[in-house]
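Just so you know, the protein sequences line up as chains A and B, in that order.
Numbering-wise, the working numbering puts 50 at position 69 of the first sequence, and it's gapless, one number per residue.
Numbering-wise, the working numbering puts 305 at position 301 of the second sequence, and it's gapless, one number per residue.
Idealized CB from N, CA, C, for every residue including glycine.
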Amino acid sequence: MVAQNIFFGILAAIVALSAVRMVTTRNIVHAALYLVAVLAGLGALYVLLTAEFVATTQVLVYIGAVMVLFLFGIMLTKAPLGNVMEMTGKQWPLAAVVAALLGGVTIYSLIDRFGSERLTSDGPIYRTADVSDEVFSTYIVPFEAVSVLLLAALIGAIVLARKD
Amino acid sequence: MTTLLALPYWQETGIKLGLALAVIPTTSLILVYLFLFKMMAFMQSRLGPNDTGPYGTLQLIAEAIKFLQKEDIHPEQADRRVFRMAPVVVLASTFLLYVVLPAGPDAVVQNLDTGVFYAMAVSSLSVLGILMAGWASANKYALLGGLRAAGQLIAYELPLILAVMGVVIQAETLNLQGIVEAQATGEIFGFGAIGNPFILTQFIAFLIFMIAAQAELTQTPFDMPVAETELVGGFHIEYTGFRFLLFFMAEFGTAFAFAALASVMFLGGWWIPGFDVDDNILNVLGPGVMLAKILLVAFFIFWVRFTYPRLREDQLQKFAWKVLIPLSLANIVLTGIFKVVF
């Protein structure tokens, strides 16, 4: 477990630092790239937890699709080089308070619920086949509900974007 | 499986990673020399490079040395950090692809459960590097090239993944070794003498996969992002020296990896059709069999590249969204029906 703990520490530090830099940097493209680092770090943490399928999905969906679309949109509209934009809004103290509250509540509830539990090195390894069995049997109703929701969002976006 | 040699985990991993790192430049060397230099030259009634080494075989090594000697230049307005990181991101995506490519029953860096899915995921990372390069170069042509590349890669990733679905449904696994196994032991309507290479039963998927892969690799006729007549050079226009070399290596390394994926999924990978060979022998013969199949697939990729003119940007997008995606969805439905009925 020692190696896992060391790597967890390194990855957690990278994720936390990138998250802070993402909101403090003054360049919008840099902010997006820091977000990529955060999401990639989370994917690596999933690998440490032996959740291979979730990690792969994280890379495919968040980095390969969502972040590429973000960057695509930013570069297509405005993407100035250098630190020319003032990106910190006037309400940042309020936002900081909300973020601190949210973080505090999450940390408290996690420690309260799982504080005494320990992961063992011989814990279960979730195979991709197990994941798909679960999704298409136990969780079939939420799965279908989510896909219908996504379809609705997709059609809604097309309707909003249409001019004629 | 009997192991002749048992090493600690970190030594084994180190050796595997070193091998994979050595394989990428070698594969791009093979592809560039065989196809880009020689085959293209013969198709155009030229000789191609023939001075450096026997039949010009050392030409590329000479050029690599030349690239390494060049001065490290940044455009003045460039965003230095992102500019430097971009080729590394693109090459990292190529490197991660090689992790799952099997060359024999046990000859694979890491036999991942989600093999195909993982390959699709990491191959989509290269778009990120291309966008970074296009933006950080502080050059309008580079930015345009980067945006074109991103639009094209997003559009063609969908048919690529959907085409793979047909194979996955038929093989009942995402694991690349499992897919090879399924082809080796498969039967077509009770006839199993040559197994079931999925190119026979999934021919539509194979065609879609090859077309989408051609677009993913930005090879002609899908090379709008690097169209030299409009964009001078596309996203890597400002890159010289070893950073350009990284892009170049990543391009052909990825071409090799996609050819390898196609030969694993549709041609049976390291398995020799019609022969029942022992696993240990296949571990030795496998890489050779794989290489033969990969070169065959790569031959088609480059044949198309040297033959067809470039598609216009709107034709290119229309082709992906209106032809390839509906076709691949129909293929999935058809495969599903066949899977249930037979």
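query = Where does B:Tyr37 land, buried or exposed, given buried means 16+ other C-beta within 10 angstroms?
reply = Start at 1 with the first residue of the second sequence, and residue 37 of chain B comes out as number 33. Its Cβ being crowded by 16 or more others within 10 Å, B:Tyr37 is buried.
task = Determine the chain A residues that contact B:Ile158 at a beta-carbon separation under 8 Å, and present them in chain order.
result = Position 154 of the second sequence, counting from 1, holds the residue named residue 158 of chain B. What B:Ile158 touches in chain A: Ala46, Val49, Leu50 and Phe53.
key: Assumed close pair B:Gly245, B:Phe71 - CB separation to whole angstroms, cut-off 8 Å   = Locating residue 245 of chain B in the second sequence gives position 241, counting from the first residue. Locating residue 71 of chain B in the second sequence gives position 67, counting from the first residue. About 6 Å; that satisfies the 8 Å criterion.
ask   = What three-state label does DSSP hand B:His78 in the structure shown?
value = To locate residue 78 of chain B, count along the second sequence from 1; it is residue 74. Coil at B:His78, not helix or strand.
query = In whole angstroms, what separates the C-alpha of A:Tyr27 from that of B:Thr233?
reply = Sequence index remark: in the first sequence, residue 27 of chain A carries index 46 (1-based). Sequence index remark: in the second sequence, residue 233 of chain B carries index 229 (1-based). About 45 Å.
key: Any C-beta of chain B under 9 Å from that of A:Arg108   = Against the first sequence, residue 108 of chain A aligns to sequence position 127. Yes, its Cβ sits closer than 9 Å to a Cβ of chain B.
message = What does the alpha-carbon distance come out to for the pair B:Ala264 and B:Pro109?
response = For the purposes of this step, residue 264 of chain B is taken as residue 260 along the second sequence, with counting starting at 1. For the purposes of this step, residue 109 of chain B is taken as residue 105 along the second sequence, with counting starting at 1. If I take the Cα positions, the gap works out to 15 Å.
inquiry  = Residues of the region 93 to 118 of chain B in Cβ contact with chain A at a cutoff of 8 Å, in chain order, please.
reply    = So the close ones are Leu116, Asp117 and Thr118.
key: Identity of the residue in B:Trp274, B:Ala302 and B:Asp280 nearest B:Leu289 by Cα   = For this step, residue 289 of chain B is matched to residue 285 along the second sequence. The candidate whose alpha carbon is nearest that of B:Leu289 is B:Trp274.
9 Å Cβ cutoff met for A:Ala(-3) and A:Tyr15 = Sequence index remark: in the first sequence, residue -3 of chain A carries index 16 (1-based). Sequence index remark: in the first sequence, residue 15 of chain A carries index 34 (1-based). No, these two residues do not count as a Cβ contact at 9 Å.
message = Quick check on this structure: which residue in B:Tyr13, B:Ala123 and B:Asp227 has the alpha carbon closest to the alpha carbon of B:Ile165?
response = Locating residue 165 of chain B in the second sequence gives position 161, counting from the first residue. If we check each option's Cα against that of B:Ile165, B:Ala123 comes out closest.
ask   = Any beta-carbon of chain B closer than 9 Å to the one on A:Val19?
value = Position 38 of the first sequence holds residue 19 of chain A. No, A:Val19 does not count as interfacial toward chain B.
inquiry  = Only counting the same chain, and skipping five residues up and downstream in sequence, which positions put a Cβ closer than 7 Å to that of B:Gly257?
reply    = Sequence index remark: in the second sequence, residue 257 of chain B carries index 253 (1-based). Ile28, Thr31, Ser32 and Thr98.
ask   = Which runs of the alpha helix (DSSP H) fall wholly inside the region 95 to 156 of chain B and span at least 4 residues, in chain order?
value = 119 to 127 and 130 to 140, all fully within the region 95 to 156 of chain B.
key: Distance between B:Val308 and B:Ala324 (C-alpha atoms, nearest Å)   = The residue you call residue 324 of chain B lines up with position 320 of the second sequence. The residue you call residue 308 of chain B lines up with position 304 of the second sequence. In a straight line, the C-alpha of B:Ala324 is about 17 Å away from that of B:Val308.
request  = Please say whether B:Ala153 and B:Leu328 have beta carbons closer to each other than 9 Å?
outcome  = Counting from 1 along the second sequence, the entry for residue 328 of chain B is found at position 324. Counting from 1 along the second sequence, the entry for residue 153 of chain B is found at position 149. No.
task = Going by CA-CA distance only, name the one from B:Ala125, B:Val93 and B:Ala142 that's closest to B:Glu161.
result = For this step, residue 161 of chain B is matched to residue 157 along the second sequence. Selected option, being the one with the closest Cα: B:Ala125.
key: Helix, strand or coil at B:Trp325 [DSSP, three-state]   = Residue mapping note: residue 325 of chain B aligns to position 321 of the second sequence, counting from 1. In the structure shown, B:Trp325 sits in a helix (DSSP, three-state: H, G or I).
query = Would you say B:Met253 and B:Glu317 are within 9 Å of each other, going by their C-beta atoms?
reply = Taking the first residue of the second sequence as 1, we reach residue 253 of chain B at position 249. Taking the first residue of the second sequence as 1, we reach residue 317 of chain B at position 313. Result no, Cβ atoms of B:Met253 and B:Glu317 do not sit closer than 9 Å.
Cβ contact (3+ pairs, closer than 8 Å) linking the region 27 to 44 of chain A and the region 111 to 122 of chain B = yes
request  = Assign B:Thr258 to one of three DSSP states: helix, strand, or coil.
outcome  = In the second sequence, residue 258 of chain B corresponds to position 254, counting from 1. Three-state DSSP puts B:Thr258 in a helix.
key: Nearest residue (CA-CA) to B:Thr118, options B:Glu80, B:Glu176 and B:Val86   = By one-based count along the second sequence, residue 118 of chain B stands at place 114. Of B:Glu80, B:Glu176 and B:Val86, the smallest CA-CA separation from B:Thr118 is found for B:Glu176.
request  = At 8 Å on the CB atoms, spell out the chain A contacts of B:Trp307, in chain order.
outcome  = Here residue 307 of chain B corresponds to residue number 303 of the second sequence, with the count starting at 1. In chain order: nothing, as chain A lies at least about 29 Å away.
inquiry  = Check for me: the alpha helix (DSSP H) holding B:Trp14 runs from which residue to which?
reply    = Locating residue 14 of chain B in the second sequence gives position 10, where the first residue counts as 1. Start and end: Tyr13 to Leu35.
inquiry  = Counting beta carbon pairs with one atom in the region 88 to 97 of chain B and one in the region 45 to 63 of chain B, are three or more of them shorter than 8 Å?
reply    = no
Extent of the continuous alpha helix (DSSP H) to which B:Pro291 belongs = By one-based count along the second sequence, residue 291 of chain B stands at place 287. B:Pro291 -> alpha helix (DSSP H) spans Asp283 to Thr311.
ask   = Near A:Gln(-15), which residues of its chain fall below 7 Å by C-beta distance, leaving aside the five closest residues on each side in sequence?
value = Translated into positions along the first sequence, residue -15 of chain A becomes position 4. Correct list, in chain order: Leu29.
ask   = For A:Glu33, does the three-state DSSP call read helix, strand or coil?
value = On the first sequence, position 52 is the one that residue 33 of chain A refers to. Helix at A:Glu33.
ask   = Would you say A:Glu115 reaches chain B, if we count a Cβ-Cβ gap shorter than 9 Å as a contact?
value = Here residue 115 of chain A is taken as the residue at index 134 of the first sequence, counted from 1. It does not; no Cβ of chain B falls within 9 Å.
Chain-ordered chain A contacts of B:Trp275 [CB-CB under 9 Å] = Reading the second sequence from its first residue, position 271 is the one you call residue 275 of chain B. Ordered by position in chain A, no residue passes the 9 Å Cβ test against B:Trp275, which lies about 23 Å from the chain.
B:Phe279 to B:Gln223 span [Cα, whole Å] = As a position in the second sequence, residue 279 of chain B is number 275, starting the count at 1. As a position in the second sequence, residue 223 of chain B is number 219, starting the count at 1. Each residue's alpha carbon lies about 35 Å from the other.
ask   = Could you give the residue range of the alpha helix (DSSP H) that holds B:Asp55?
value = Numbered from its first residue, the second sequence carries residue 55 of chain B at position 51. It is not in any alpha helix (DSSP H) - B:Asp55 carries neither H nor E in the DSSP assignment.
request  = For my contact list, B:Gly170 and B:Asn335 are in at a C-beta cut-off of 8 Å; report their separation, rounded to the angstrom.
outcome  = The residue given as residue 170 of chain B occupies position 166 in the second sequence. The residue given as residue 335 of chain B occupies position 331 in the second sequence. Sure, about 5 Å apart at Cβ, within 8 Å.
request  = Would you mind reading off the limits of the alpha helix (DSSP H) that contains A:Asn(-14)?
outcome  = Counted from its first residue, the first sequence places residue -14 of chain A at position 5. Taken as a continuous stretch (DSSP letters only), the alpha helix (DSSP H) holding A:Asn(-14) covers Val(-17) to Thr5.
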